[in-house]
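Heads up: the sequence shown begins at 967 in the numbering used here, then just goes up one per residue. Written out below as structure tokens is the structure these notes cover.
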Amino acid sequence: MSPAPHRDKGRILVCKARGHPAAPTSPPRGHSAFPGAPPPHRLPPAPASPRWQPSPFQIRATFPLHHWGFLPSAEPEQSSDRAAQRVGRGEPFERRALAGEKAGRGPPNGLGPQIALGSVHVIDAGETALVEWLRAAPWECGKGVAGMLQRFCSQLVKRRHPGIKVARLTRDDQMGSRELKQYHLIAKQDILLVQLNVSALLEGLGARLAALRASGTSSPLPTEAVSEAGGVVARLLLSPSVQRDVLPGGTIIQDWQPYRPSESNLSLLAAKGLEWRVNSRARPRLLTLGTRPFPIPPGGNGTWRYVNIYTFVSEGAQVQSQLLWHLQRQAPRLVHLNVMCQLFLAPQLWLQLADFCQAGLGLELVKGYTEQYLLEADI
């Protein structure tokens, strides 16, 4: 089926793989699909998940460029409400796609349940394909589903946007020599994932900060808010010195998505409601940004939130001060809630910040040392 006509404004490409039952076999053990996600929530295993055989893609395009690709498989049917609870790096786009399916805008009936889903976003004024995420059901891992869907998405986005030159993506797993040959490593950051109860943190924060200051472990450092209004953030990020000395690889990494500092990309970031901080507007040596809290489903009782804080600085004391500011800033909207805080920081700072969060603030370390890689490949 040929793709339906589309408008040039559509910049988001979403591909879904679906299928129908075949001969049953034992499924492989699954694993969590979201780097850094809390462990309690997983897709249920398929007790008799059939294998699939490749078949031609059937494509249907709707604005804004939601393309659905289908592959045969047989995940047990699950309600769209449960499927919509999945959280990933591209969670807003995944939720939008699943919501469309729930409303009856998904693929025709009879093609089977979803087994894979991917999203590519065109950025950098049409020159870069941002691979937001690519997900395959755990029982389909190792069968070639993800690779086939990735190749299909790359071909489709290149055909729709011939001006694209490179593809960019982020990963948090160790890559083999074969994979490293396929990509250029642009930058690397560490990921620190901690868990906290905001009410408990606020109750004892004053005493903890006093103890840290008395021991010389931590002290408040100058920090200034940077507003989107009046183009203040744009002027800061477009500064050659900030791009050269502050941003890793000259790139803004937000929600696992790498953006080059450009006017077109800054307009995309401005719509996200981020909170920016610098040590000094006159002589910025560090930059941090925090995201709005968003719900996550472990336990399913609505008491969990996720917060991402990105730090672009190589000084541990500055990161500690910025982390405290962002946590205190978010605290009023997170009282009585449990929070997963994901902190992105320079590689040499992980141990120092892990000790500060656990011993200094009483936070619980959820995950061990993890790295985030910013990769680029020619198209």
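Backbone N, C-alpha and C define an ideal beta-carbon position, used for all residues, glycine too. Quantities reported herein were computed from a predicted structural model and do not represent experimental measurements.
### Task
Assuming V1160 and E1330 form a contact by the criterion Cβ under 8 Å, report the distance between their Cβ atoms to the nearest whole angstrom.
With a beta-carbon spacing of about 6 Å, V1160 and E1330 fall inside the 8 Å limit used to define contacts.
### Message
What does the Cβ neighbour count give for V1301, buried or exposed, with the cut at 16 atoms within 10 Å?
### Response
exposed
### Message
Using a Cβ-based criterion (distance less than 7 Å to any ligand heavy atom), does N1163 qualify as near the ligand ZN?
### Response
In terms of ligand content, the structure shown is empty, and the ligand ZN therefore cannot be addressed.
### Task
For the beta strand (DSSP E) holding P1206, just list the boundary residues, first then last.
Counting along the chain, P1206 sits inside no beta strand (DSSP E); it lies in the alpha helix (DSSP H) bounded by residues P1206 to D1211.
### Query
How about P1098 and S1085: do their beta carbons lie closer than 8 Å?
What sits at residue 1098 in the sequence shown is Glu, not Pro. Yes, they are a contact pair.
### Query
Opposite L1178 in the DSSP bridges: which residues?
According to DSSP, L1178 bridges with nothing at all.
### Message
Does N1245 pass the burial test, meaning 16 or more other C-beta atoms within 10 Å, or should it be called exposed?
### Response
buried
#### Entry: Bridge partners - A1102, DSSP secondary structure assignment
Beta-bridge pairing links A1102 to A1082.
### Message
Going by DSSP, what residue range makes up the alpha helix (DSSP H) through D1321?
### Response
Note, D1321: alpha helix (DSSP H), W1316 to D1321.
### Task
Indicate the three-state DSSP secondary structure (helix, strand or coil) for G1092 in the structure shown.
helix
#### Entry: Three-state class that DSSP yields for N1304 in the structure shown
N1304: strand per DSSP, three-state reduction.
### Message
What does the alpha-carbon distance come out to for the pair P1128 and R1299?
### Response
44 Å
#### Entry: Terminal residues of the alpha helix (DSSP H) in which L1289 lies
G1282 to Q1296
### Task
From the DSSP output, in three-state form, read off Q1148 for me.
helix
### Given 8 Å, three or more beta-carbon pairs between the stretch 1107–1118 and the stretch 1143–1151
no
#### Entry: Per-residue burial, D1090 [other beta carbons within 10 Å of its own, 16 or more giving buried]
buried
### Query
Does the Cβ of G1256 have 16 or more other Cβ atoms within 10 Å, making it buried, or fewer, making it exposed?
With 16 or more Cβ atoms within 10 Å of its Cβ, G1256 is classed as buried.
### Query
Taking C-beta to C-beta, are R1271 and L1303 nearer than 8 Å?
Against a cut-off of 8 Å, the Cβ pair of L1303 and R1271 comes out as a contact.
### Query
Going by Cα to Cα distance, which pick from Q1223, L1289, Y1339 and L1309 is closest to K1333?
L1309
### Alpha-carbon spacing of R1071 relative to L1083, whole angstroms
Only weak support is given to the placement of R1071: the predicted model assigns it a pLDDT of 44, under 50, and the question is left unresolved by the model.
### Query
Is G1282 near L1252, with beta carbons less than 8 Å apart?
no
### Task
Could you spell out the range, first to last residue, of the alpha helix (DSSP H) harbouring N1245?
Careful: N1245 lies outside any alpha helix (DSSP H) and carries neither H nor E.
### Query
Near V1132, what residues of its chain come up, given a Cβ to Cβ distance below 8 Å and the 5 sequence neighbours on each side ignored?
Non-local beta-carbon contacts of V1132 in its own chain, meaning distances under 8 Å to residues more than five positions away in sequence, involve E1093, T1094, A1095, E1342, A1343, D1344 and I1345 in chain order.
### Task
Since I believe I1157 is in contact with D1139 (beta carbons under 8 Å), could you give me their beta-carbon distance rounded to a whole number of angstroms?
Rounded to whole angstroms, the Cβ separation of D1139 and I1157 is 11 Å, and the two are not in contact under 8 Å.
### Query
When burial is assigned at 16 or more other CB atoms within 10 Å of the CB, is Q1223 buried or exposed?
Classified as buried, Q1223 has 16 or more neighbouring CB atoms from the shown chains inside 10 Å of its CB.
### Message
Taking 8 Å as the threshold (C-beta atoms), are T1254 and Q1220 in contact?
### Response
Not a contact, by the Cβ cut-off of 8 Å.
### Query
Does the distance from the C-beta atom of I1218 to that of P1227 stay below 8 Å?
Closer than 8 Å, so yes.
### Task
Output the boundary residues of the alpha helix (DSSP H) element that contains E1229.
Counting along the chain, the alpha helix (DSSP H) containing E1229 begins and ends at E1229 to A1236.
### Message
Do L1100 and Q1121 have their beta-carbon atoms positioned less than 8 Å apart in this structure?
### Response
no
### Query
Candidates V1199, Q1324 and L1293: which alpha carbon is nearest V1305's?
L1293
### L1202 versus Q1284 - alpha carbon distance
18 Å
### For R1226, the three-state DSSP class (helix, strand or coil)
coil
### Task
Kindly indicate the opening and closing residues of the alpha helix (DSSP H) around R1134.
Unbroken run through R1134 is the beta strand (DSSP E), V1132 to R1137; no alpha helix (DSSP H).
#### Entry: CB of A1200 within 8 Å of CB of E1241, strictly
no
### Task
Work out the CA separation of A1166 and C1307 for me, nearest whole Å.
Straight through space, the alpha carbons of A1166 and C1307 are spaced by roughly 15 Å.
### Query
alpha helix (DSSP H) containing R1125: first to last residue?
V1111 to R1126
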